[in-house]
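Just so we're aligned: 101 in the working numbering is position 101 of the sequence shown, and the numbers increase by one with no gaps anywhere. Backbone N, C-alpha and C fix where the C-beta goes; we use that ideal spot for every residue, glycine too. Let me begin by presenting the structure, written as structure tokens, before commenting on it.
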Amino acid sequence: QMNHAPSQELADRVASVFVPFVILLAVMTFLIWLSLAYSNVLPNAWIKHDGKILFALLFGLAVLLIACPCALGLATPTAVMVGTGIGARLGILVKGGDVMEALAQVKHVVFDKTGTLTEGKPRVVRHLLYPEQVPAAIAEYFGREDLGGLNPPPDDQENLPELGANLGRSMSEAIAMSHRAAFRILYAAEESSEHPMAAAITNFTLDKAYLSDSDAKFRAKEVRSVPGGGVTCRIVPGVDVAIGNRRLMTSLGISMTKMQEQAIKSLERKGFSIVLLSMGTSGQSEARGVCAWLAIGDSVRPEAEAVISKLRRLRVEPWLLSGDNMDAATAVGAKVGIHPRNIVAEVKPDEKRDKITQLHGAFGSEAVAMVGDGVND
């Protein structure tokens, strides 16, 4: 209620003049009828029951009540109070009456994807590991089944200790160790993050990485978040890890094979978000590649399509603004009814404001609203 709507401010200005005028008019009405009563020009039958003063007072009160200047000042704040109360019951917090009135001017609504149009409960639905891309030293160090007695190398050591990468492991055993190593590294890198994608990865990898919750777990160090890309970190000295999208991998000079590209593109067209894993050791001579990918899916909110349809009936144009890849964003847009021309994907968090500013310039600042679930939205 601290922020008044423009209509309320207008009503207050009018009321500041109208209220004194009505009171003055009511007093004048009282005095006129009182003077007429005492001048004996009125029929005696009119005033014999109530008396002259009460007779004149009733006319003054009638003018005051019919004009009702209080209603002018109370109508708008009462409507705002009722509206904010209904919104609160529906889980919507309204900042003020000016916001509610501004919504009437909105002609374009920009939606975030994850957590807004979708339920915000992503889960890993598919994954694939490429054991040949996991360095043998990393698989040996992180992938052993029993972690008992394994002490991390000192922080000043630049490379992993030689644990015998060529111990004559069988092919199946080597592959199993590569899987465990990848899962343990994914869990270590993502466990401290609050991002929904990170939660999906840790929930998926925990029981695959460790036999029990009581097992000693690796911890990530030197974690660096890359907005709109992913994270880079070190699990132990000498092991560099990158987890994120293709944009992050490209920026780090990490390439994908043609087969990987085809598999990932196919999943993105189905609406999945793809998280890539790459790891390497310090001084590694060969180029790093992608050693695993995870396809993460998030169900569209059941009411999302109805909301978009309702906005269209109100002649409000819906937009989708997402940091995810274009194929995944387009797939979600198709499910809820947002036209591909109104979908903007692969946008970093700090670029969202720039896009909204562009829409302001094209349609006017009062015609655009943003709907999101995160701080960056």
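When you compare only the Cα positions, how much space is there between residue i and residue j?
i, j, result
"G280", "A242", "9 Å"
"D12", "K310", "34 Å"
"A367", "F30", "51 Å"
"A181", "Y210", "10 Å"
"I296", "G253", "24 Å"
"L25", "V63", "8 Å"
"G33", "A56", "Here residue 33 turns out to be Trp, not Gly, going by the sequence shown. Taking the straight line from one Cα to the other gives about 5 Å."
"K352", "L359", "11 Å"
"Q260", "R126", "14 Å"
"F18", "V27", "14 Å"
"R246", "V275", "8 Å"
"D50", "S16", "34 Å"
"R312", "R123", "31 Å"
"P196", "V347", "17 Å"
"S365", "K355", "12 Å"
"G60", "C68", "12 Å"
"Q157", "G238", "For Q157, the pLDDT reaches just 46, beneath the cut-off of 50, and the residue's location in the model is therefore unreliable, leaving the point undetermined."
"A362", "A176", "55 Å"
"K217", "H179", "16 Å"
Who pairs with residue i in a beta bridge, going by DSSP?
i, result
"M279", "V241"
"R123", "G297"
"M233", "Note that residue 233 corresponds to Cys in the displayed sequence, not to Met. According to DSSP, which records beta bridges pairwise, C233 is partnered with V241."
"A67", "Paired residues: none, contrary to the question."
"A292", "L129, L277"
"T118", "V300"
"S255", "G289"
Quick check on the DSSP output: the alpha helix (DSSP H) that includes residue i runs from which residue to which?
i, result
"R269", "258-269"
"K48", "Note, K48: premise wrong, no alpha helix (DSSP H); not H, not E."
"A137", "136-142"
"E190", "171-190"
"A104", "Careful: A104 lies outside any alpha helix (DSSP H) and carries neither H nor E."
"F204", "196-209"
Let's see if you can read the secondary structure: which residues bound the beta strand (DSSP E) around residue i?
i, result
"F111", "108-112"
"S225", "221-226"
"V368", "368-371"
Return the residue from the list the options that minimises the CA-CA distance to residue i.
i, options, result
"D350", "S322, D327, F363, P340", "S322"
"V307", "V371, F21, L206", "V371"
"A220", "K258, A75, S299, L186", "L186"
"A139", "F183, D112, G96, R126", "F183"
"E317", "P20, I47, T250, V109", "V109"
"E268", "W293, D327, L277", "D327"
"T118", "R315, V231, R301", "R301"
"K265", "E222, N325, G337, V226", "N325"
"G229", "L61, M249, N40", "M249"
"A199", "S225, P227, G120", "G120"
"W319", "R144, K52, R341", "R341"
"S299", "R288, L314, A292, A331", "A331"
Report task. Please go through the segment 315-361 and give each complete alpha helix (DSSP H) segment of 4 or more residues, from N-terminal end onward. Result -> Listed in chain order, they are 326-336.
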